[in-house]
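Asks: Here it is, the structure, as structure tokens.
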Amino acid sequence: MRILAIETSCDETAIAVLEGLGSRGKGQEKFKVLSNIVLSQIKIHKPFGGVVPNLAKREHQKNLPIVLKRALKESGISRLKIDAIAVTQPALWMGINFAQELAQNWKKPLITVNHLEGHIYASWLSERIPEFPLLALIVSGGHTELVLMKKHLDYKILGETLDDAAGESFDKVAKMLKLGYPGGPEISKLAEKYLPPSPLLGKERVLFPRPMINSPNLDFSFSGLKTSVLYFLRENPSANKKAVAAEFQQAVIDVLIKKTEKAIKKYEPKSLVVGGGVSANKALRSSLEILIKKHNLEIRNSKLEILLYLSPIWLTGDNATMIAVAAYFKMLGKKFANPKKVKAQGNLKLG
Ligand code: KG4
Ligand code: ZN
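Position one of the sequence shown corresponds to residue 3 (my numbering), numbered consecutively onward.
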């Protein structure tokens with residue numbers, strides 16, 4: 003089964019061709035990525051310090067046919083061998099239009115995939131396949147969510163950000179520190195170079211709040227953290243940028259880890275799946291590994307052990323391969339879209 007997927011939800015024009023090789027035994031689906039083209043618009047948006055919607059539209063429009071050609075060529079198969087077209091929703095209308103036209107012209111069924119489903123399903127390209135029930139932590143520029151899945155395509159949102167998304171807060175703090183866009187990788191690079199002063203020297207560390215870390219629910223809030231960095235920088239204009247980056251990053255990680263731990267204790271999933279742009283963050287990845295190791299040691303019962311599935315780094319950011327993986331499972335369930343009824347906009351919710 004071969005799927006051609008299109009992803010145009012933000013500043014990347016991406017098309018991938020994925021082949022599903024079937025499942026070896028129970029639920030062990032194997033995939034082969036035939037092509038994965040991501041044309042980033044970062045350079046175009048960089049001077050503006052963020053994504054400019056009109057520029058993004060123009061670029062998608064211009065790039066879609068080019069990216070399609072490349073994706074097909076690289077896949078080494080003819081369009082006749084494609085079984086379905088998948089497209090991310092919500093997306094800008096040209097992505098949707100493009101997919102609708104393609105599906106009609108090529109006479110293929112159309113499948114819509116929520117962008118967040120894609121980030122979750124990126125982990126199906128790990129060496130092992132996640133098992134249900136699973137807990138997913140999605141951390142991107144637009145979302146911070148904890149999602150419970152008891153089976154394929156079945157989502158229950160356990161918690162989400164009430165204001166800024168985790169990635170958004172990285173981008174905003176990076177802007178305050180006059181670092182480039184997107185801010186996440188910049189902050190992460192700077193933070194890696196920071197060595198916190200030893201308390202023995204009597205030097206105080208910069209410390210930021212961990213909003214909602216002890217709240218009884220599984221929701222998040224990052225806007226207050228961002229504001230406290232802003233106030234700190236106003237009062238300390240010559241503060242060490244490495245320290246600010248590292249301490250800000252640690253505050254975000256602490257909250258993400260604490261809430262994930264809480265969700266694990268409450269829902270006892272078999273797998274923890276982590277995806278979205280921020281999941282490329284090295285410090286976050288190692289904190290998650292430590293969390294799972296600690297949890298598995300604590301429970302001392304191999305039956306309840308959790309396996310961690312971090313999105314492969316090359317699939318953490320937006321890409322069309324992850325959309326194709328989610329579409330594969332929709333295709334198995336014959337969940338096709340009515341090409342005439344697919345809308346471009348609207349804030350689609352999981353679940
Ligand atoms: O999933 P994604 O590529 O696009 C959205 O769906 O939003 O996520 C983009 C976000 C940006 O906010 C970016 O700054 C952040 O992911 N990001 C990172 C890192 N790499 C990308 N944040 C922290 N550390 C990173 N290494
Ligand atoms: Zn994304």
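For each residue, glycine too, the CB sits at the ideal point set by N, CA and C.
Values in this document were obtained by computation on a predicted structure and should not be read as measured data.
(1) Do you know how far the Cα of L299 is from the Cα of K267?
(2) In chain order, what residues of the same chain lie with their CB nearer than 8 Å to the CB of P187, ignoring the 5 residues before and after it?
(3) Kindly indicate which residue of L36, A248, P201, P199 has the alpha-carbon position closest to the one of F210.
(4) Can you tell me the Cβ-Cβ gap for D166 and S225, rounded? I've got them flagged as a contact below 8 Å.
(5) Can you list, in chain order, the residues of its chain with a C-beta nearer than 7 Å to that of L362? Leave out the 5 residues immediately preceding and following it.
(6) For Q102, which three-state DSSP category applies?
(7) Along the chain, which unbroken stretches of the beta strand (DSSP E) at least 3 residues long are found entirely within the segment 154-216?
(8) Report the three-state DSSP secondary structure of R130 (helix, strand or coil).
(9) Taking W126 as the reference, which of G52, K177, A176, L317 has the closest Cα?
(10) From K243 to L179, what does the alpha carbon distance come to, in whole angstroms?
(11) Using only the alpha-carbon positions, how far apart do K264 and L155 sit?
(12) Do you know whose CA, among R26, L41, E133, S25, lies nearest A322's CA?
(13) Nearest to N65 by CA position, among S77, F100, V53, F50, is which residue?
(14) With a floor of 4 residues, list each alpha helix (DSSP H) that falls wholly inside the segment 62-119, ordered by position along the chain.
(15) Thinking C-alpha only, which one of L160, R287, A86 is nearest N219?
(16) For L57, which residues of its own chain have a beta-carbon under 7 Å away from its beta-carbon, when the five flanking residues on both sides are left out?
(17) Look at the alpha carbon of E76 and the alpha carbon of P201, and state the distance between them as a whole number of angstroms.
(18) Within the same chain, show all residues whose beta-carbon is closer than 6 Å to that of P213, passing over the 5 residues directly before and after it, in chain order.
(19) Is it the case that the segment 94-109 contacts the segment 124-144, given that we only count it when at least three CB pairs across the two stretches are under 8 Å?
(20) Tell me the residue span of the alpha helix (DSSP H) that contains N298.
Replies: With the structure as the only source:
(1) The straight-line gap from Cα to Cα measures roughly 14 Å.
(2) Correct list, in chain order: A282.
(3) Just measuring C-alpha positions, the residue of L36, A248, P201, P199 sitting nearest F210 is A248.
(4) Yes, they are in contact, since the Cβ atoms of D166 and S225 sit about 5 Å apart, within 8 Å.
(5) No information on residue 362 is available, as it lies outside the stretch 3 to 353 that the chain covers here.
(6) Looking at Q102 - three-state DSSP - the assignment turns out to be helix.
(7) If we require 3 residues or more, the beta strand (DSSP E) runs fully inside the segment 154-216 come out as 158-162.
(8) DSSP places R130 in coil when its eight states are reduced to three.
(9) Of G52, K177, A176, L317, the residue nearest in Cα terms is L317.
(10) Cα to Cα, the separation comes out at about 7 Å.
(11) Using only the alpha carbons, I get a separation of about 23 Å.
(12) It is L41 whose Cα lies nearest to the Cα of A322.
(13) Answer by Cα proximity: F100.
(14) Unbroken alpha helix (DSSP H) runs of no fewer than 4 residues, entirely contained in the segment 62-119, are found at 95-108, following chain order.
(15) In terms of CA proximity to N219, L160 leads the group L160, R287, A86.
(16) Spatial neighbours of L57 in its own chain (CB-CB distance under 7 Å, excluding positions within 5 residues in sequence) are listed in chain order as I46, H47.
(17) So the alpha carbons of these two residues sit roughly 55 Å apart.
(18) Hits under 6 Å: S223, G226, L227.
(19) When Cβ pairs closer than 8 Å are counted between the two stretches, the segment 124-144 is seen not to touch the segment 94-109, the count staying below three.
(20) That run of the alpha helix (DSSP H) goes 284-301.
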